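Visitor: Okay, here's the structure, questions in a sec.
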Amino acid sequence: AAKTVPVKLQLKWFPQAQFAGFFVAQAKGFYKAEGLDVQLLPIGDQSPIQTVATGAADFGTTWITDLLTARQQGIPVVHIAQLFQKSGYTLVSLKTSGIKAPADFKGKRVGVWPSGNEYPAVALMKKYGLTTSLDSTVSNPSVQAVTYPFDPSIVFPGKVDLVSAMTYNELDQIVGLGYPLDKLQVFQTSDYGINLLEDLMFSTERTLNATNFKGSGLSGREVAARLVRATIKGWNYAVRNQREAVGIVLVNCGNTCKGSGTRSSAQAHQTWQMAEVAKLYNAGPTLQGRAGYLDPATYKANVTLLKSLGILKSDPPAAAVDYRVWQAATGKK
Amino acid sequence: MVFPVPGGQTVALQGADLDIAPGEFISLIGPSGCGKTTLLRLMADLIRPTGGELTVGGESPEAARRRRAYGYVFQAPALMEWRNVLSNVLLPLEVMNVPGDRKARAREMLRLVGLEKFERSYPWQLSGGMQQRVSIARALAFDPPLLFMDEPFGALDEITREMLNLELLRLWRETGKTVVFVTHSISEAVFLSSRVVVMTARPGKIEGIVPIDLPHPRGDDTREDPRFFAAATEVRELLRRGHA
Amino acid sequence: MVFPVPGGQTVALQGADLDIAPGEFISLIGPSGCGKTTLLRLMADLIRPTGGELTVGGESPEAARRRRAYGYVFQAPALMEWRNVLSNVLLPLEVMNVPGDRKARAREMLRLVGLEKFERSYPWQLSGGMQQRVSIARALAFDPPLLFMDEPFGALDEITREMLNLELLRLWRETGKTVVFVTHSISEAVFLSSRVVVMTARPGKIEGIVPIDLPHPRGDDTREDPRFFAAATEVRELLRRGHA
Amino acid sequence: MLVANRGVADEALRSGADLGCGTAWQCATVLRNPVLPAPGQFAAGFRTLSTPPLAPTSAPYNALVTGSETLLGLALASVLGLGLATLLVFSRSFERATLPWLVASQTVPIVAIAPMLAVILGQYGVQGFLPKAIIAAYIAFFPVAVGAAQGLRSPDALQLDLMRTYRASAWQVFWQLRLPASLPYLFTALKVAATAALVGSIVAEISTISFSGLGKMLAENSRASDTVALWVIMVYGAALGIGLVALIGALERVVTRWRPAR
Amino acid sequence: MARTLPAAGALLLALLAAEALLRAYAVPPGLIPTPSRVGAALWAARTVLLRDALTTFVYEALLGFVLGALAGLGLGLLAVRFRFLERGLLPYTALLSSVPIVALAPVVVKAIGLGWPSKTAVVAITVLFPVLLSTVRGLHSASAHHLDLLHSYAATPAQTFRVARWPAALPFVFVALRLSVTLALINAIVAEFFGTEGSGLGFRIQIEVGRFGLDIVWAAIVVASVLGVASYLLMGALERRFVPARRL
Ligand SMILES: Nc1ncnc2c1ncn2[C@@H]1O[C@H](COP(=O)(O)OP(=O)(O)OP(=O)(O)O)[C@@H](O)[C@H]1O
Ligand SMILES: Nc1ncnc2c1ncn2[C@@H]1O[C@H](COP(=O)(O)OP(=O)(O)OP(=O)(O)O)[C@@H](O)[C@H]1O
Ligand SMILES: Cc1ncc(C[n+]2csc(CCO)c2C)c(N)n1
Ligand SMILES: [Mg+2]
Ligand SMILES: [Mg+2]
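Taken in order, these protein sequences are the chains called A, B, C, D and E.
Residues 93 to 425 (our numbering) make up the first sequence, in order.
Residues 3 to 246 (our numbering) make up the second sequence, in order.
Residues 3 to 246 (our numbering) make up the third sequence, in order.
Residues 22 to 283 (our numbering) make up the fourth sequence, in order.
Residues 93 to 340 (our numbering) make up the fifth sequence, in order.
Laid out in structure tokens, this is it:
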């Protein structure tokens with residue numbers, strides 16, 4: 093057998109069921125079968141864009157806003173596959189706080205993650221005519237946005253009225269703090285027409301255009317296609333065999349898999365997470381058998397939204413998305 | 003008094019029992035390293051004896067120190083580099099919160115040691131002998147009833163030294179102070195003291211005590227007195243004996 | 003030599019032109035603060051004159067220092083606290099990379115000053131006089147042709163002092179060293195020197211130079227020599243004159 | 022401890038949280054996300070994180086990793102800091118030209134540049150252990166440099182004069198006089214630097230792509246909201262810090278044996 | 093003026109070289125911005141950056157520094173005064189300072205809140221140890237002669253402190269203060285990564301890193317560095333003012 097090609101893939105977070113498809117593809121030998129030896133890198137403090145753009149990793153996963161703002165700043169990163177077809181971003185409040193609709197956010201304190209993860213919240217509020225201190229041009233914001241790191245228990249519910257949470261992670265952690273779902277008001281941005289796409293796969297122009305990827309004799313695009321093919325296979329398997337997938341994730345996840353508080357069991361939390369990410373995966377094009385496909389209409393809507401927010405100044409160049417990889421991976425058009 | 007040293011201990015003083023009566027002027031004399039400084043430090047309660055007992059003017063060293071009964075002129079000047087001459091002399095007056103015009107008092111002491119013109123200088127701008135004189139002025143400034151002086155005039159020329167000898171003697175007579183004085187000069191010891199204590203080296207002990215029966219006031223002619231010669235010779239003999 | 007001091011300047015030396023011939027033994031004597039140390043430091047190229055010129059054994063101070071021609075005994079011991087006695091004495095031998103058995107040499111010097119038993123002690127474990135003797139041993143260790151000694155024996159008892167006087171004199175005669183020696187003792191100056199330089203205070207200058215015509219080798223009977231008395235008296239006269 | 026948690030518990034209860042306990046005081050010892058863990062909670066957390074000691078997810082193993090990074094970093098920092106201090110003391114113009122930049126280097130938030138640094142080093146094949154030690158050294162060299170410079174300037178004038186009479190070379194003055202005289206300053210600086218290096222390597226573990234170390238454990242557990250685990254790791258980190266400071270203290274006592282016992 | 097020339101020259105050269113290299117290799121500004129872009133960002137965002145600097149430098153770094161330094165000095169005095177405290181206290185503060193800020197900050201934020209006081213507290217805690225350690229070491233460095241002298245005066249401990257120990261400690265204390273003043277700033281910035289109410293240099297850096305606005309990130313770093321260097325130099329000036337000049 094030929095030698096396998098070493099590939100480094102930068103995850104957007106620590107190992108958890110959010111990346112079940114990758115771990116399954118690795119554990120079940122889908123990558124090996126494609127001739128790839130894939131190493132999955134956990135996140136540090138740097139954005140996946142940085143590690144990939146500088147060559148510390150060959151491929152990465154990230155959110156679309158990240159990718160497009162990086163592209164705008166001249167970093168030649170390229171979208172090659174869209175794994176999650178629906179946004180899992182939510183803002184959560186206690187029902188007792190009386191916040192029933194986004195319009196009620198006015199005058200409230202909203203806790204968001206910084207570092208480019210604040211845009212879905214900003215977009216939602218902007219849609220309802222609210223301004224925040226996250227925008228340095230606004231002098232008298234109608235919503236007070238505060239930034240906090242990762243752990244909702246630091247701020248919620250004492251220090252903020254609304255807190256950012258992913259359906260598949262922080263939401264369950266908040267439940268673990270003693271607030272069952274029936275006490276929570278959950279605003280999932282996609283329900284309000286803000287569907288900024290999340291976990292996608294990307295690489296750089298340099299990697300994709302390489303004619304001889306790391307001396308393997310394969311072109312960069314070919315390696316990318318094999319990677320995407322195996323990853324989608326992994327995801328399909330994970331979504332269909334969730335219990336097994338969770339088992340595989342648990343082997344990989346060190347100290348991070350647990351939830352919080354009363355739901356701190358890693359097994360339980362990852363089972364929840366697997367079910368939730370399956371919902372994000374099984375949406376849009378995936379339902380038409382086109383898993384991994386970036387729906388041009390959704391993409392366009394995302395770009396339009398980001399432009400209206402002032403985050404993008406102009407349309408990204410066509411080279412920001414490369415459909416050829418997905419086409420080569422799936423043989424579809 | 004026993005000091006631990008690498009590979010054993012140095013016995014610095016042995017059986018140095020000594021009672022000093024109020025108003026005495028005692029000189030300690032002895033070879034280098036025999037324990038004069040150590041004895042002085044014991045009397046001043048700067049170190050505690052590892053054995054034996056000691057009284058100074060009838061009280062324990064600690065009691066004397068607590069009463070602020072003594073002034074101490076160290077072998078090295080021990081001035082504070084960050085204080086100028088005047089404020090070095092003011093130090094004990096400040097610490098003891100002595101009432102009255104302290105500056106005037108400090109200046110008077112500086113005049114006594116001939117440094118009135120240097121009150122604004124810092125220690126490093128002074129010669130060795132000048133530093134030593136500042137430290138003498140400092141010890142006298144608060145007019146303590148008891149004085150411990152460790153080779154106070156060692157760094158001074160003969161003329162300055164003789165002058166200060168006379169001043170010290172005058173002070174002692176006028177105020178009735180008790181003085182314990184370390185010197186290497188036999189004639190200085192005899193000239194100043196009521197008793198000269200001669201010490202021997204390793205282990206340091208008292209070789210002999212020579213009472214000095216010279217009349218007061220003493221002056222230049224004292225040194226011509228046959229009793230002066232006799233006493234000096236006796237001290238020298240004791241010293242020689244102890245030196246072997 | 004002029005030092006800037008707060009509110010003016012101190013003239014520490016004035017017109018102190020002095021030529022010292024190779025092989026001479028010069029003593030400097032003078033009141034406290036007259037500039038003896040300053041003069042020595044000038045000769046040793048530790049400070050530069052603000053005016054005037056100076057030669058030592060026919061060469062400039064700087065040249066002498068560069069040749070490592072002299073050893074200097076400072077007025078204070080200036081030992082390195084982290085080195086024990088032996089290795090303090092070894093320091094110049096190490097720095098100058100002197101060949102041969104350095105330890106043996108250093109021990110010899112310690113024997114000379116009577117401290118052979120203390121080679122493993124640290125400076126803080128020594129008495130004042132003992133520290134001073136270590137610093138003498140250190141200056142002699144590398145056998146420099148020129149010696150600057152600033153009151154080297156000031157902290158020593160008379161007997162040790164006399165012994166070291168004789169040793170120094172022997173060394174000087176046997177090795178033909180040039181010595182410049184600061185002392186406050188008139189008799190020591192006369193006993194040791196070929197010339198005694200008497201200085202006066204503020205502004206420091208040379209009051210007079212007394213040549214000493216006493217025969218060598220000198221010993222106990224030298225002090226009985228009428229020429230000794232005559233010279234000592236002359237020095238004392240000059241000192242008195244300068245003291246006013 | 023109770024007081025610190027009571028507020029949080031009270032807040033949670035008032036907001037309708039289901040904590041499985043009655044009053045705020047009762048909840049204070051059983052909170053799942055306490056400000057300070059109760060002794061029992063802490064002990065339990067300590068046990069789970071400490072056994073088996075050498076598992077890749079356990080604190081003792083990761084403390085070992087962090088400890089060795091820190092030691093390497095501290096060693097690098099000492100060499101660099103001492104070298105810089107030497108140059109600073111020897112050359113005024115070097116000091117003028119570089120001191121502002123040395124200071125500036127310490128005002129760059131390491132957390133902001135550590136990721137970039139790691140990425141840049143990674144491009145040149147420097148990965149894993151070494152970048153973290155380098156980041157630790159980056160933080161720790163400055164206290165060493167400043168403290169050592171002060172110490173190297175501390176010998177007294179007479180001792181410097183003495184060396185001058187020997188026409189000692191600059192190096193001899195350095196080795197025989199300035200360095201030994203600087204030791205009290207240097208060791209104080211090293212103690213500060215040791216804790217700084219520890220913080221540096223932990224920060225580096227968090228902000229670079231790292232697979233082990235207390236920092237990695239901290240990051241993972243903070244993302245997982247496991248407050249009790251955070252405290253356990255903090256205690257391990259602090260113990261490591263005390264150990265380092267004690268180690269340097271012991272070294273100091275050995276090196277400065279000549280000093281009188283205080 | 094002549095004294096700052098070498099440093100300024102070195103800076104100019106480094107900047108020109110960086111600009112040239114970055115342009116030559118066409119490094120994207122989202123990875124490393126050219127100095128000229130940073131300069132432009134510095135100007136364009138000046139009001140925001142000034143407001144951020146006010147929060148970070150004045151409320152968090154300076155205030156925290158002052159509090160931490162005072163606490164360190166106070167504890168140092170106590171530790172030397174009461175010997176048992178030295179043994180009992182020093183290890184615990186070493187403990188405190190060994191808790192990495194990244195572990196400390198979340199806890200403090202959780203306990204105090206997202207506003208600037210939590211950052212001030214973090215800064216104070218991190219400044220405490222260096223100052224305490226140096227204070228203790230400095231107070232112990234008083235000359236044995238001087239201590240003997242004051243002992244002979246039966247001086248009170250307070251007097252001994254004021255007259256002998258404190259002047260001897262000053263040089264040590266100032267080393268620690270100089271170090272801590274830069275440490276304070278950097279720690280204020282880092283602590284902001286653990287939660288803010290929307291202003292501060294750390295907040296700005298974190299937000300703009302996520303947007304790949306690295307020109308603003310570096311502009312914020314420049315502001316921090318200038319403030320850091322300035323406060324370091326200020327401490328140096330205070331040192332020259334308050335530490336009595338020694339010989340040389
Ligand atoms: N701290 C100490 N530890 C060990 N030994 C010591 C200590 N202090 C003094 N000694 C020893 O005690 C002896 C007496 O010392 P001391 O200073 O009393 O002598 P001294 O008579 O004052 O001599 P000098 O005339 O030279 O000043 C010496 O042998 C010295 O080495
Ligand atoms: N660095 C200095 N700055 C200002 N004045 C100084 C300095 N060094 C010495 N002096 C002054 O110069 C004069 C001579 O000092 P020097 O040390 O040479 O005296 P000396 O003859 O050695 O005295 P002693 O016998 O007391 O040691 C003194 O008045 C002293 O105050
Ligand atoms: C620095 C940083 N903070 C928050 C997020 C938000 N986020 C994106 S994926 C994910 C994991 C699911 O909980 C989370 C929390 C981020 N990406 N990076
Ligand atoms: Mg003595
Ligand atoms: Mg002198």
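Virtual Cβ for every residue (Gly too), placed ideally from N, Cα, C.
Everything numeric in this text was worked out from a predicted model, so none of it was measured.
#1: Pick out whichever of D/V224, D/N242, D/A217 and D/I141 has its Cα sitting closest to the Cα of E/F221.
#2: How would you list, in chain order, the residues of chain D whose beta-carbon sits under 9 angstroms from the beta-carbon of A/G250?
#3: Note down, in chain order, every chain C residue with its Cβ under 7 angstroms from the Cβ of B/T162.
#4: Residues near ligand 5, CB to any non-hydrogen atom under 6 angstroms, in chain order?
#5: Return the chain-ordered list of same chain residues with a C-beta closer than 8 angstroms to the C-beta of B/R238, the five sequence neighbours on each side being excluded.
#6: Helix, strand or coil for D/D247 per DSSP?
#7: On a Cα-Cα basis, can you pick out the residue from E/V228, E/A213 and E/G156 that is closest to E/E178?
#8: What number of angstroms, rounded off, separates the C-alpha of E/R296 from the C-alpha of D/A65?
#9: Report yes or no: is there a C-beta of chain A within less than 8 angstroms of the C-beta of E/L262?
#10: Output needed in chain order: residues of the segment 84-100 of chain B with a Cβ under 9 angstroms from some Cβ in chain E.
#11: Report buried or exposed for E/W135, applying the criterion of at least 16 other Cβ atoms within 10 angstroms of its Cβ.
#12: Could you check whether the Cβ of B/M45 sits closer than 7 angstroms to any heavy atom belonging to ligand 1?
#13: With a threshold of 7 angstroms, establish whether the CB of B/W84 neighbours any heavy atom of ligand 2.
#14: C/T39 touches chain B at which residues, Cβ-Cβ below 9 angstroms?
#15: Closer than 7 angstroms: is that where the CB of E/S128 sits relative to any heavy atom of ligand 2?
#16: When you compare the CB of A/S207 with every CB in chain H, is at least one pair closer than 8 angstroms?
#17: Please report whether the beta-carbon of A/A93 lies at a distance below 8 angstroms from any beta-carbon of chain E.
#18: Can you give me the start and stop residues for the alpha helix (DSSP H) that C/L93 sits inside?
#19: Using a beta-carbon distance below 8 angstroms, is B/D159 in contact with chain C?
#20: Give, in chain order, every residue of the segment 137-155 of chain A whose Cβ lies closer than 8 angstroms to some Cβ of chain E.
#21: Whose CA, out of A/A148, A/A302 and A/G127, lies closest to the CA of A/G136?
#22: For the alpha helix (DSSP H) containing B/A141, list its first residue and its last residue.
#23: Where does A/P98 fall in DSSP's three states?
#24: Where does E/A312 sit, in a helix, a strand or coil, going by DSSP?
#25: When you measure from the CB of C/Q127 to every non-hydrogen atom of ligand 1, does any distance come out below 7 angstroms?
#26: When Cβ atoms are compared, which residues of the segment 184-217 of chain C fall closer than 7 angstroms to chain B?
#27: Touching or not, the segment 383-395 of chain A and the segment 160-177 of chain A, by the rule of three or more beta carbon pairs under 8 angstroms?
#28: Does the beta carbon of B/E121 come closer than 8 angstroms to any beta carbon on chain C?
#29: Counting only runs that start and end within the segment 26-76 of chain C, where is the beta strand (DSSP E) found for 3 or more residues in a row?
#30: Which residues does DSSP list as the beta-bridge partners of A/T154?
#31: With a cut-off of 8 angstroms, does the C-beta of C/L241 fall near any C-beta of chain D?
#32: With distances taken from CA atoms, which of D/W46, D/P60, D/S114 and D/L101 is nearest D/A250?
#33: Is C/K207 helix, strand or coil when you go by DSSP?
#34: Whole angstroms is fine: what's the gap from A/L397's alpha carbon to A/P194's?
#35: Name the DSSP bridge partner or partners of B/R197?
#36: Out of A/Q380, A/V331 and A/L379, which one is the CA nearest neighbour of A/T363?
Guide: On the basis of the supplied data:
#1: D/A217
#2: G28, V29, E32, A33 and S36
#3: P33 and S34
#4: Every residue with a CB closer than 6 angstroms to a heavy atom of ligand 5 is listed here in chain order: B/S129, B/G130, C/K38, C/T39, C/Q77 and C/D152.
#5: Apart from the 5 residues on each side of it in sequence, B/R238 sits with its Cβ closer than 8 angstroms to the Cβ of I188 in its chain, given in chain order.
#6: coil
#7: E/V228
#8: 39 angstroms
#9: no
#10: W84, R85, L93, P94, E96, V97 and M98
#11: exposed
#12: no
#13: no
#14: Those are S129 and G130, listed as they occur along chain B.
#15: no
#16: In the structure shown, chain H does not exist; the protein chains are A, B, C, D and E.
#17: Legend: pLDDT at A/A93 = 48, less than 50; position of this residue unreliable, value from coordinates given subsequently. No - not a single Cβ of chain E is within 8 angstroms of the one on A/A93.
#18: V87 to V97
#19: Taking Cβ atoms only, chain C reaches closer than 8 angstroms to B/D159, which makes this a yes.
#20: S139, I141, Q142, A145 and T146
#21: A/A148
#22: G130 to A143
#23: strand
#24: The three-state reading of DSSP puts E/A312 in helix, counting H, G and I together.
#25: Answer for C/Q127: yes, Cβ within range of ligand 1.
#26: Taking 7 angstroms as the Cβ-Cβ cut-off against chain B, the residues of the segment 184-217 of chain C that qualify are H186 and I188.
#27: yes
#28: no
#29: 27-31 and 72-75
#30: A/L292
#31: no
#32: D/P60
#33: strand
#34: One alpha carbon belongs to A/L397, the other to A/P194, and they sit about 17 angstroms apart.
#35: Assignment of beta-bridge partners to B/R197 by DSSP yields B/I28 and B/P213.
#36: A/V331
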